[in-house]
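Below: the structure, in structure tokens.
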Amino acid sequence: MVNWVVSLAGPRRISLEPCSPDPLGPGQVRVRTCYSGISAGTELTLYRGSNPRLSKDWDDAARMFVPRQTPVPYPLIGFGYEEVGEVVEVAPEVAHRHPGQMVWGIWGHRAEAVLAAGAVRPLPAGLDPLAAVFARPGAIALTAVLAGDLHLGDWVGVFGQGVIGLLATRLAVLSGARVVAVDRVPGRLEHAARYGARSTVDAGAESAAAVLRRATAGRGADVCLELSGAYPALHEAIRSTAHAGRVVAAGFYQGQADGLGLGEEFHHNRIQLVAAQVSGPTPAPSMAGRWTGDRVTQTFMELVAEHSVDPLPLVSHIVDASAVADALALLDRGAGDVLQVVLRF
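Here it is, written out as structure tokens:
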């Protein structure tokens, strides 16, 4: 039997290629992929060739990027982190997984994967399998919300209403915050309103900072979450935030910081600027010992299972995996009506 895997041979050179299936080892399961979501952040930076890991090496011990000593490791095989599939084979000693079980996890854009049994999680009973492609994006959104340290009654600006921004809007609403959602795409702002945003701001037509200061008697937002990855949006989030307030930079910023002026409101209003990154050991230092990355992901999926968060309206395109090049090109064009693009295997 032939397996299939997505391969990136260079910037914007992507295809679905055949490969040999992996043998099943002790403690492992074989999963046949049903859906694999495409990230409009990390994966798009790989596709475009702008990801810093392509031009630099990451020194894990020093936790810093250093000049690259080796060529870019093309082709990149099977990247991706939003997978859902069916268990089709289990090793004899595996007791808690069985053929026919629907599971979610991270195994990249491939038709089939062999993984440690503990690396996949069963879908909650009755949950649409498509909803599980949002496990990782939801964890990214929840990490940003937790890093913001939101409180009941806080005014919170959420900048960028893509998939992760919309999920963050919903999660911030669930936390009891009064959320103002900011984007340039009317359709995305409509989603934000349906997710409970108190108000929405078309950033192409008005100043989010002015709106938030009017709503708060001139004070500004208690917290702003920036999820677009655009430097001008980060600058506006800083402008929108109250003196000594917090801005969470949760987007994947690329290149030089054009449009970001740290000598302005950031400096004069003593803004706390913190980064949110889902792959760390805890969402924030103050949460160490209580919140782990695994708990963040599990919590998001529990919220989906109990219908507190419904991510399915964010699926805008389902594309056969054989058309992966078209799917990435669709995201690359950046049309406002494109939200979650999903490969179907």
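Counted the way the UniProt record's numbering counts, the sequence shown spans residues 1 to 345.
Ideal Cβ positions, reconstructed from N, Cα and C, are used throughout, including at glycine.
Only a predicted model underlies this, so the values are computations on that prediction, with no experimental measurement involved.
Relative to Tyr231, the option among Phe159, Glu82, Ala117 whose CA is nearest is Phe159. In the three-state DSSP reduction, Phe159 falls in the strand class (E or B).
When beta bridges are read from the DSSP output, Trp58 appears opposite Phe65. Look at His317 here: in three-state DSSP terms it is strand. Under the three-state reduction of DSSP, Val278 is assigned to coil, being neither helix nor strand.
The alpha-carbon of Asp154 is positioned some 20 Å away from that of Phe266. Annotation: the continuous beta strand (DSSP E) that includes Tyr35 extends over 28 to 38. The shortest CA-to-CA distance from Leu8 to any of Val274, Thr200, Gly78 is the one to Gly78.
A direct Cα-to-Cα measurement between Lys56 and Arg63 gives close to 13 Å.
DSSP places Thr42 in the uninterrupted alpha helix (DSSP H) bounded by 42 to 48. Of the candidates Asp320, Leu150, Arg219, Ala131, the residue whose Cα lies closest to the Cα of Asn269 is Arg219. Inter-residue distance for Val211 and Arg344 is about 41 Å (C-alpha atoms, whole angstroms). Annotation: the continuous alpha helix (DSSP H) that includes Ala135 extends over 135 to 148. By the Cβ-count criterion, Gln161 is buried, with 16 or more other Cβ atoms from all chains shown falling within 10 Å of its own Cβ. For the pair Ala139 and Ala177, the Cα-to-Cα distance works out to about 19 Å.
Under the three-state reduction of DSSP, Ile106 is assigned to coil, being neither helix nor strand. When DSSP reads this structure, Asp202 sits in a beta bridge with Asp183.
With fewer than 16 other Cβ atoms from the protein chains shown falling within 10 Å of its own Cβ, Pro285 counts as exposed.
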